[in-house]
Amino acid sequence: MAVGIFDSGLGGLTVLDAVAKRLPEVPFVYYGDNAHAPYGVRNADDVYDLTTKGVQRLFDAGCDLVILACNTASAAALRRMQEAWVPEGKRVLGVFVPLIEALTERQWGDNSPPREVAVKHVALFATPATVSSRAFQRELAFRAIGVDVEAQPCGGVVDAIEQGDMILAEALVRSHVEALQRRMPTPEAAILGCTHYPLMQEVFQDALGPDVAVYSQANLVAESLADYLERHPDKLGPGTEPGFLTTGDPARVSNKATQFLRRKIEFRTA
Ligand code: DGL
8 MAVGIFDSGL
18 GGLTVLDAVA
28 KRLPEVPFVY
38 YGDNAHAPYG
48 VRNADDVYDL
58 TTKGVQRLFD
68 AGCDLVILAC
78 NTASAAALRR
88 MQEAWVPEGK
98 RVLGVFVPLI
108 EALTERQWGD
118 NSPPREVAVK
128 HVALFATPAT
138 VSSRAFQREL
148 AFRAIGVDVE
158 AQPCGGVVDA
168 IEQGDMILAE
178 ALVRSHVEAL
188 QRRMPTPEAA
198 ILGCTHYPLM
208 QEVFQDALGP
218 DVAVYSQANL
228 VAESLADYLE
238 RHPDKLGPGT
248 EPGFLTTGDP
258 ARVSNKATQF
268 LRRKIEFRTA
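Residue numbers (the numbering used here): 8 to 277.
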């Protein structure tokens with residue numbers, strides 16, 4: 008009954024942590040493509056090739072459902088995968104939709120026409136690839152009208168986190184927030200549109216100020232997944248073993264993951 012969680016590296020652990028707490032009976036298999044992170048500076052074909060390879064590995068580990076806990080892969084590869092690659096009986100879901108549903112106060116599966124919502128000025132922080140895909144704005148436009156989105160490509164942040172250089176990551180976050188505020192001085196809400204960024208959530212909140220509501224994906228995705236599995240229990244795959252797989256150096260990745268999640272995590276080679 009395993010479910011797969013995919014990310015380019017360590018960021019998806021923020022989602023893994025939340026889904027494992029919400030669904031403690033489900034064995035989750037995590038795949039971090041640390042050898043190829045960051046994805047945010049790669050082109051769409053590259054992201055597609057790496058993502059399909061990782062997701063295939065999770066199917067092979069007994070997962071019938073895989074969550075792309077990576078906005079960059081969700082933005083650059085998911086639609087193409089769903090249209091032409093995902094095999095019969097398997098399912099791959101992204102992480103944008105639960106976030107947008109929360110922002111637009113919608114219930115899962117509410118397909119009514121787009122309508123006005125409370126928030127009008129939204130700051131989006133994401134990787135350069137996610138920002139240039141405009142996938143977030145596209146999904147938002149299906150559900151809401153009159154929302155002004157200002158997107159900031161946060162170059163360097165994922166790389167700094169993957170390297171464990173949190174001082175650099177903090178300095179970069181502050182400078183990206185400043186850059187965004189020059190274009191949108193008073194956003195009402197900020198979206199952390201990369202699963203690595205919750206690891207810097209306090210810095211984002213501090214730089215944005217207490218009046219800005221900061222949305223991050225982990226808990227929202229966990230709720231959506233619980234709801235999805237209740238309606239599709241057949242999507243719990245045959246795998247029974249939880250685990251952590253990486254394309255990077257397992258010792259180094261385990262170390263960082265243990266530091267981030269504050270519990271012992273052991274990765275093995277994917
Ligand atoms: N965590 C991925 C995301 O949500 C990071 C992407 C990257 O590797 O640049 O976009």
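Ideal Cβ positions, reconstructed from N, Cα and C, are used throughout, including at glycine.
Judged by DSSP secondary structure, His-183 falls within the alpha helix (DSSP H) whose first and last residues are 173 to 190.
Val-184 and Leu-215 have their C-alpha atoms some 7 Å from each other. The DSSP-derived three-state label of Gly-69 is coil. With distances taken between CA atoms, Leu-206 lies nearest to Thr-265 out of Gly-153, Thr-265 and Val-99. In the DSSP annotation of this structure, the continuous segment of the alpha helix (DSSP H) that includes Tyr-235 starts and ends at 225 to 238. Annotated three-state conformation of Thr-265 is helix, per DSSP. In the DSSP assignment, Val-138 falls within the alpha helix (DSSP H) that extends over 135 to 140. According to the DSSP assignment, Val-104 belongs to the alpha helix (DSSP H) that extends over 103 to 110.
Within the stretch 14 to 53, the alpha helix (DSSP H) runs of at least 4 residues that lie entirely inside it are, in chain order, 20 to 29. Looking from the CA of Glu-32, the closest CA among Pro-240, Lys-263 and Ala-68 belongs to Pro-240. Residue burial is scored here from C-beta neighbours: Thr-247 has fewer than 16 other C-beta atoms within 10 angstroms and is therefore classed as exposed. One alpha carbon belongs to Thr-137, the other to Tyr-55, and they sit about 13 Å apart. Counting along the chain, the unbroken alpha helix (DSSP H) around Val-165 starts and ends at 164 to 170. With a threshold of 16 other beta carbon atoms within 10 Å, Lys-263 meets it and is buried. Minimum Cα-Cα distance from Gly-153 among the listed residues Pro-160, Cys-161, Gln-144 and Gln-159 corresponds to Gln-144. About 7 Å separates the beta carbon of Ala-197 from that of Phe-132, a gap short enough to meet the 8 Å contact definition. Checking the DSSP bridge columns, you'll see Pro-160 partnered with Ala-133. Non-local C-beta neighbours of His-43 in its own chain, meaning closer than 7 Å and more than five positions away in sequence, comprise Ser-15, Leu-57 and Thr-254, ordered along the chain. DSSP, read as helix, strand or coil, puts Leu-243 in coil. Only buried fits Pro-105, as 16 or more other CB atoms lie within 10 angstroms of its CB.
Rounded to the nearest angstrom, the gap between the Cα atoms of Ala-220 and Trp-92 is 37 Å.
Sixteen is the threshold: when 16 or more other Cβ atoms of the shown chains lie within 10 Å of the Cβ of Pro-34, as they do, the residue is buried. At least one heavy atom of the ligand DGL lies closer than 7 Å to the C-beta of Asp-14.
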